[in-house]
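A.B. asks:
In the numbering used here, the protein residues as written are 52 to 453.
Okay, structure coming up:
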């Protein structure tokens, strides 16, 4: 059986150096399968690394890799629970390279390399025969700033710059002229890892940034739907009209989860990968993501979609980021809590509650609005739900705490 080895990825450009050669060998079959893991650093805790390692490299080393075709085992973020080790083949990882890269792509590595958003950039870059340009801030080595990003764009020397960012990075770049100029110099700016606030999108479009929203996950080898359109060879359907659960098929799919045969059987089917998201697909194949399939919460007998509440709050001009959580209380009572990122900290709670009530009704109004100038983030750029959940439960403002 093919061996599986970990690749420790330090923060900064050194992480890219550590990853590229083992990745090349894994994709060509000249080396073992790899499980990229971040090194412990000031921004990445020992606990977080331990959770990712447990998903990709269980303690029982006698457990063989599920298939010799597996080239990479990449852990999901665990933002919705325990991380899962996703089994990725070379064919799957590289299936969409030609569609995304174009003729002369120069990728900039801006996202953590141990998660799919950043790892996918390394794979794409190898296919383009151009090593990616690593930001000095990569993996939290130093703060992400417009100056750091502009320096990387300048080093591209006029090549067709492609970059994948998360919404928080885009917001920072749009806050000053240096960042905007660097963004405008990019041929492709992919935004993934969650919804993008309407106000942020509007600023990007006003400044003629070549912005593309990307939908995908580790199980689909990264983004496979751009601006609502499935990429060439990708199919997206709903499992049924009643459920709206999205099912994705195509050559880029993973083959399953590491040492989780029951979960693999549940999600990887003959029809495709059964996601945890719900949405719609129109007659022309346009995909609309409505939220997670499990985000419907019963509030006082009324079913409320957390995704719908997020969308309404995200459309408020003063809001730059939002996350809506369901907090379970005693006697099966649920509470809806919204966390918003904004500079209008004094007035935003009343604006949020009024707007949600007008658009969605009283049951959808969050009982508590956590207001922050910056939402807490996981190392992979996703919002840290557990930190926000802790803030909410300690707030004293949940219905059963009053």
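Built from N, CA and C at the ideal position, the CB exists for glycine as well. None of the values given here were measured: they were computed from a predicted structure.
1. Check for me: the beta strand (DSSP E) holding residue 387 runs from which residue to which?
2. Are the Cβ atoms of residue 266 and residue 135 separated by less than 9 Å?
3. Have a look at residue 434 and residue 405 and give me their C-alpha separation to the nearest angstrom.
4. So, at 7 Å on beta carbons, what are the nonlocal neighbours of residue 170 in its own chain, with the 5 sequence-adjacent residues on each side left out?
5. Taking residue 105 as the reference, which of 133, 94, 226 and 85 has the closest Cα?
6. Taking only runs that begin and end inside the segment 95-124, name each unbroken beta strand (DSSP E) of 3 or more residues, in chain order.
7. I'd like the ranges of any beta strand (DSSP E) spanning at least 3 consecutive residues and lying wholly in the segment 257-296.
8. Hey, residue 179 and residue 193: beta-carbon distance below 9 Å or not?
9. Any idea what DSSP makes of residue 419, helix, strand or coil?
10. Using the beta-carbon count (16 or more within 10 Å), is residue 220 buried or exposed?
11. Could you check which residue in 332, 311 and 276 has the C-alpha nearest to that of residue 294?
12. From the DSSP output, in three-state form, read off residue 441 for me.
13. Can you find the residues in the same chain that come closer than 6 Å, C-beta to C-beta, to residue 374, ignoring five residues on each side of it along the sequence?
14. Expressed to the nearest angstrom, what Euclidean distance is found between the alpha-carbon atoms of residue 243 and residue 216?
15. Using a 10 Å radius around the Cβ and a threshold of 16 neighbouring Cβ atoms, would you call residue 362 buried or exposed?
16. Does the beta-carbon of residue 68 have 16 or more other beta-carbons within 10 angstroms, so that it is buried, or is it exposed?
17. May I ask you to report which of helix, strand or coil DSSP gives residue 181?
18. Nearest-angstrom Cα distance between residue 251 and residue 119?
19. Is residue 75 buried or exposed, if buried means 16 or more other CB atoms sit within 10 Å of its CB?
20. Rounded to the nearest angstrom, what separates residue 366 and residue 60 at their Cα positions?
21. Cutting at 8 Å between CB atoms, please list the residues of its own chain near residue 231, excluding the five before and the five after it.
22. Just curious, the alpha helix (DSSP H) that residue 424 is in, first and last residue?
23. What is the DSSP secondary structure of residue 91, reduced to helix, strand or coil?
24. Per DSSP, residue 319 is paired with what?
C.D. replies: Based on what the coordinates show:
1. In the chain shown, counting from the first residue as 1, residue 387 sits at position 336. Its beta strand (DSSP E) spans residues 385-393.
2. Walking along the chain shown from the start, residue 266 turns up at place 215. Walking along the chain shown from the start, residue 135 turns up at place 84. No Cβ-Cβ contact shorter than 9 Å links residue 266 with residue 135.
3. The residue you call residue 434 lines up with position 383 of the chain shown. The residue you call residue 405 lines up with position 354 of the chain shown. Residue 434 and residue 405: Cα-Cα distance of roughly 24 Å.
4. By one-based count along the chain shown, residue 170 stands at place 119. Closer than 7 Å at the Cβ level, and outside the excluded window around residue 170, lie 87, 125 and 164.
5. As a first step, residue 105 is located in the chain shown; it is residue number 54 there, counting from the start. It is 133.
6. none
7. 262-268, 273-277 and 286-289
8. Here residue 179 refers to the residue found at position 128 when the chain shown is read from its first residue. Here residue 193 refers to the residue found at position 142 when the chain shown is read from its first residue. Result no, Cβ atoms of residue 179 and residue 193 do not sit closer than 9 Å.
9. If you number the chain shown from 1, residue 419 lands on position 368. Three-state DSSP puts residue 419 in a strand.
10. Counted from its first residue, the chain shown places residue 220 at position 169. Buried, by the Cβ-count rule.
11. As a working mapping, residue 294 is identified with position 243 in the chain shown. Nearest C-alpha to residue 294: 332.
12. Taking the first residue of the chain shown as 1, we reach residue 441 at position 390. In this structure, residue 441 counts as helix in the three-state DSSP scheme.
13. Position 323 of the chain shown holds residue 374. Excluding sequence neighbours, residue 374 sits near 390 and 434.
14. As a position in the chain shown, residue 243 is number 192, starting the count at 1. As a position in the chain shown, residue 216 is number 165, starting the count at 1. Cα to Cα, the separation comes out at about 7 Å.
15. Residue numbering aside, residue 362 sits at position 311 when the chain shown is read from its first letter. Counting Cβ neighbours within 10 Å, residue 362 comes out buried, since at least 16 surround it.
16. The residue labelled residue 68 in the question sits at position 17 within the chain shown. It counts as exposed.
17. Locating residue 181 in the chain shown gives position 130, counting from the first residue. Looking at residue 181 - three-state DSSP - the assignment turns out to be coil, as it is neither helix nor strand.
18. Start at 1 with the first residue of the chain shown, and residue 251 comes out as number 200. Start at 1 with the first residue of the chain shown, and residue 119 comes out as number 68. Approximately 44 Å, taken between the alpha carbons.
19. Numbered from 1 along the chain shown, position 24 holds the residue referred to as residue 75. Flag for residue 75 reads exposed.
20. One-based indexing of the chain shown puts residue 366 at position 315. One-based indexing of the chain shown puts residue 60 at position 9. So the alpha carbons of these two residues sit roughly 37 Å apart.
21. Taking the first residue of the chain shown as 1, we reach residue 231 at position 180. Counting only Cβ-Cβ distances below 8 Å, and skipping sequence neighbours, we find 224, 225, 258 and 260.
22. Position 373 of the chain shown, counting from 1, holds the residue named residue 424. No alpha helix (DSSP H) holds residue 424; DSSP gives it neither H nor E.
23. Sequence index remark: in the chain shown, residue 91 carries index 40 (1-based). Three-state result, residue 91: coil.
24. Here residue 319 refers to the residue found at position 268 of the chain shown. Beta-bridge pairing links residue 319 to 324.
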